[in-house]
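Structure first, then comments.
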Amino acid sequence: RSSAVMSQTNALGGSAQNDRDVAFGKAAPHSGFVGNTIKTSKYTLLTFLPLNLWEQLHRAANVYFLFMSMLMAAGEYTPLFNSSVKSLSVALVLVLMMCISAVTAALDDLARQKADAQVNSRRAALVDMSESSDVEVKWSEIKVGDVCVVKKNEEVPADMVVLGSSDATGRLYV
């Protein structure tokens, strides 16, 4: 099994401060590098409520209505001042608007998760160095050092360094 190894160097041609060796081919270990999985969604089931609440309370209008409902509740339940508007009416409008925003954010995030799953499940051809053949894998399974085969009009499945082109002049258009 032969595998090439490339070291990262800085722009001046010298060795980078933190050298990283990248081994090419399936037989090479791929530890220490991030994967190729795409994740554009913001939330998980556990983080939706706290993150969405945090985002909504950073909007000036929501903070204003929260402050007004607390101020009206203070006037309603203490002898500080009389309030003509019930605090519950302002609080209910605020809760209703925040719920509508939360449902919208949840639906948007679900759409992002579906799109991520579609992109991550697309297929790409890799060169298996041990068998000298092409192997089909999902885009999310591509690792640093894998050699990908990208054909005409195919999308590029990862950040890549071009090793060659089938064009007679050696040109490549991205």
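Under the numbering used here, the first residue of the sequence shown carries the number 9, and numbering increases by one thereafter.
Just so you know, even glycine gets a beta-carbon here, dropped at the ideal spot from N, CA and C.
Alpha-carbon to alpha-carbon, residue j and residue i
i: S95; j: L54; result: 31 Å
i: S49; j: S174; result: 37 Å
i: A12; j: A132; result: Unreliable positioning characterises A12 in this predicted model, as indicated by a pLDDT of 43, which lies under 50. A coordinate reading is not provided.
i: E163; j: A119; result: 21 Å
i: M105; j: P165; result: 40 Å
i: Q121; j: T112; result: 14 Å
i: S92; j: L57; result: 33 Å
i: A110; j: A69; result: 15 Å
i: D154; j: A176; result: 25 Å
i: K160; j: G172; result: 13 Å
i: L65; j: P87; result: 29 Å
i: V127; j: F89; result: 59 Å
i: C107; j: M137; result: 54 Å
i: S77; j: V182; result: 56 Å
i: V71; j: E63; result: 11 Å
i: R67; j: A114; result: 18 Å
Residues sharing a beta bridge with residue i, DSSP
i: K146; result: R131
i: D136; result: S141
Residue i: first and last residue of the uninterrupted beta strand (DSSP E) it sits in
i: S155; result: First, the residue type needs correcting, since residue 155 is Val and not Ser in the sequence shown. Looking at the DSSP string, the run of the beta strand (DSSP E) that includes V155 is 155–157.
Cβ distance (whole Å) where residue i is taken to contact residue j below 8 Å
i: V157; j: V135; result: 6 Å
i: N44; j: S148; result: 6 Å
i: K47; j: D124; result: 6 Å
i: L61; j: Y51; result: Not quite, the Cβ-Cβ distance comes to about 11 Å (not below 8 Å), so this is no contact.
i: F41; j: K151; result: 7 Å
Cβ-Cβ distance between residue i and residue j below 8 Å
i: F73; j: V101; result: yes
i: V103; j: M80; result: no
Continuous alpha helix (DSSP H) stretch holding residue i: start and end
i: A69; result: 68–85
i: N204; result: Lying outside 9 to 182, the shown extent of the chain, residue 204 is not represented and no answer is given.
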